[in-house]
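Chemist: Got a structure for you, questions after.
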Amino acid sequence: MLPPLISLLTDFGLTDTYVGQMKAAILRVAPHARLVDLTHAVPAQDVRAGAFLLWSAVEAFAEGSLHLAVVDPGVGSARRAVAVRSHRGDVLVGPDNGLLVPALLLLGGLADAVELNDPAWWGPRRSRTFHGRDLFAPVVGHLAAGVPLEKLGRRLERLETPFTFPEPREEGGGSALVGEVLHVDTYGNLITNLPVARLPARFDVQVGDRLVPGAPLAHYQAVAPGELLSLGGSTGLLEVSVRDGDAARVLGVGRGTRVRVAARG
104 MLPPLISLLT DFGLTDTYVG QMKAAILRVA PHARLVDLTH AVPAQDVRAG
154 AFLLWSAVEA FAEGSLHLAV VDPGVGSARR AVAVRSHRGD VLVGPDNGLL
204 VPALLLLGGL ADAVELNDPA WWGPRRSRTF HGRDLFAPVV GHLAAGVPLE
254 KLGRRLERLE TPFTFPEPRE EGGGSALVGE VLHVDTYGNL ITNLPVARLP
304 ARFDVQVGDR LVPGAPLAHY QAVAPGELLS LGGSTGLLEV SVRDGDAARV
354 LGVGRGTRVR VAARG
């Protein structure tokens, strides 16, 4: 039987050797582990961005997969290191700073959790500044090798939730839905918190002071190059884009920008 897939998400970048060292620490414990890089380009210390990216990816994996996420500005401090099992059966490992929570909720919510406070399952090196290599990676290796979650540390009842993604709100007696930009992807697409399933069949989108009429469109080539458009993205959320361009740059907006959707008559 194949070991579970292990997804990796960090803000380590690829200039230094941090990612390679973390992978080596996993493979030292579980030589046959199967590793999948989600991204190592989370903006440095941006826990919210890492949480969104992890949330956007975990459903692509089979039930029972392992997810190692490290965006950890509090490394070495009093923040807890945790491993949590979702009701779907996946296990997520990382700092208890909100990074894991949106993905955990998407996977059915919290079933079991432990604080990784037992050094018997850590690696041979014990730096206070690189828990990705010295604590989280060895623990994930042990999980991949079949060690039960419950053996890895002290049981927890809940995780810290220092932030949540905002929910859309109704406006104008329900004639409009107001949300915001949650993420700007590598193409400059503005990914909002507005689920396509909650939107009317035809609508106009206002982003900041710009109007994007006639949404949703089926694909990017439905408009001329350089024109704005809005469509349902791969996450099931409404996106605002520029064909062959960068919507964030063209509109001069970013995460947190107000987005309003109103039904067309």
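According to the working numbering, the sequence shown is numbered sequentially starting from 104. Even glycine gets a Cβ: it sits at the ideal position worked out from N, Cα and C.
1) Please classify His-245: does DSSP put it in a helix, a strand, or coil?
2) Under 7 Å from any heavy atom of the ligand GTP, does the C-beta of Glu-330 make it?
3) How many angstroms separate the CA atom of Phe-266 from the CA atom of Arg-367?
4) Go to Arg-137, then tell me how far its alpha helix (DSSP H) extends in each direction, as first and last residue.
5) Pairs of beta-carbons, one from the region 297-308 and one from the region 317-335, closer than 8 Å: are there three or more?
6) Could you tell me whether the Cβ atoms of Ile-107 and Gly-167 are closer together than 8 Å?
7) Rounded to the nearest angstrom, what separates Trp-224 and Pro-251 at their Cα positions?
8) Just checking, does the region 277-293 make contact with the region 342-350 on the three C-beta pairs under 8 Å criterion?
9) Could you check the C-alpha separation between Ala-259 and Asp-312 for me, to the nearest Å?
10) If you follow the alpha helix (DSSP H) that Leu-112 is part of, which residue opens it and which one closes it?
11) Restricting to Cα atoms, I'd like to know which of Ile-109, Val-122, Leu-157 and Asp-237 is closest to Val-65.
12) Starting from the Cα of Arg-261, find the closest Cα among Val-362, Leu-255, Ile-129 and Gly-201 and give me that residue.
13) So, helix, strand or coil for Glu-283, using DSSP?
14) Of all the options Val-364, Met-125 and Lys-126, which has the alpha carbon lying nearest to the alpha carbon of Val-281?
15) In three-state DSSP terms, what is Pro-251?
16) Could you tell me which of His-286, Leu-208 and Asp-199 sits nearest to Val-356, measuring between CA atoms?
17) Would Asp-288 pass as a contact of His-234 if the rule is Cβ separation under 8 Å?
18) Strictly by DSSP, which residues pair up with Ser-344?
19) Looking at C-alpha atoms only, which residue of Val-194, Val-178, Val-145 and Arg-182 is the closest neighbour of Ala-165?
20) Taking 8 Å as the threshold, find out whether the region 240-247 comes into contact with the region 115-130 through three or more Cβ pairs.
21) Classify Arg-131 as helix, strand or coil using the three-state DSSP reduction.
22) Verify whether the separation of the beta carbon atoms of Leu-209 and Glu-162 is less than 8 Å.
23) Can you give me the start and stop residues for the beta strand (DSSP E) that Ser-189 sits inside?
Modeler: On the basis of the coordinates in this document:
1) helix
2) With respect to small molecules bound, the structure shown includes none, and the ligand GTP cannot be examined in it.
3) 34 Å
4) First-last for Arg-137: 137-142, but that is the beta strand (DSSP E), not the alpha helix (DSSP H).
5) yes
6) Checking the sequence shown, residue 107 turns out to be Pro, not Ile. Yes. Within cutoff.
7) 12 Å
8) yes
9) Per the sequence shown, residue 259 should be read as Leu rather than Ala. If I take the Cα positions, the gap works out to 46 Å.
10) Note, Leu-112: premise wrong, no alpha helix (DSSP H); beta strand (DSSP E) at 108-113.
11) Residue 65 lies beyond the residue range present for the chain, which begins at 104 and ends at 368; the question has no answer from this structure.
12) Gly-201
13) strand
14) Val-364
15) coil
16) His-286
17) no
18) Leu-332
19) Val-194
20) yes
21) helix
22) yes
23) 184-189
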